[in-house]
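As structure tokens, the structure follows; a few thoughts come after it.
In this note's numbering, the protein residues as written are 1310 to 1488.
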């Protein structure tokens, strides 16, 4: 994270979508615009905010907001790094939930790979708080000490991401719905 605001990817309406995470705008032969996620005015209608997006300084509003985040490197290569709705924002900093989930799942062999979720909740007027739910491997279910395992998870998240989770829930295998 270089401290810059995340970027939104906009693809010209009617063009072929960017198909690969490392697709080049030149190779795809399409005009790609990248803009700061906090700049510009947002249209008032929900549909217009996705399908009729404009770019500051241009009259044309035929841009499609893809919801992708990314960057263009010094060679013009386009890299897709995630989706805007997948970002967790805590104390003004952006985190990818999958990075937090990977940290959790790597901190103890009792924690099931691809069996967790990190997300935020808001209680009342308070700021967003991190919640982690994580499945425990079947072979470890009756051998763990939950408070100790939760402590290791807290320590791993704090050490790697400098975040203190609000809540951590351990789940039995298969309890977390997946799409």
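Ideal Cβ positions, reconstructed from N, Cα and C, are used throughout, including at glycine.
- If you draw a straight line from the Cα of residue 1440 to the Cα of residue 1450, it is about 21 Å long.
- Classified as buried, residue 1474 has 16 or more neighbouring CB atoms from the shown chains inside 10 Å of its CB.
- The Cβ-Cβ distance between residue 1419 and residue 1442 does not fall below 8 Å.
- Secondary structure note for residue 1470: its alpha helix (DSSP H) is the uninterrupted segment 1455-1470.
- In the three-state reduction of the DSSP assignment, residue 1396 falls in the coil class, being assigned neither a helical nor a strand state.
- In the DSSP assignment, residue 1425 falls within the beta strand (DSSP E) that extends over 1420-1430.
- Taking C-beta separations shorter than 8 Å and ignoring five residues to either side along the sequence, the partners of residue 1463 in its chain run 1473, 1474 and 1477, following chain order.
- Look at residue 1415 here: in three-state DSSP terms it is helix.
- Contact between the segment 1403-1413 and the segment 1422-1430 is present: three or more C-beta pairs spanning the two stretches fall below 8 Å.
- For residue 1448, the secondary structure class from DSSP, reduced to helix, strand or coil, is helix.
- The three-state secondary structure of residue 1434, taken from DSSP, is coil.
- Residue nearest to residue 1457 within the set 1416, 1399 and 1437 is 1416 (criterion: CA-CA distance).
- In the DSSP secondary-structure assignment, residue 1387 is bridged to 1381.
- Residue 1397 places its beta carbon 8 Å or farther from that of residue 1466.
- One Cα belongs to residue 1447, the other to residue 1481, and the distance between them is close to 7 Å.
- Judged by DSSP secondary structure, residue 1476 falls within the beta strand (DSSP E) whose first and last residues are 1476-1480.
- Rounded to the nearest whole angstrom, the C-alpha separation of residue 1411 and residue 1485 is 16 Å.
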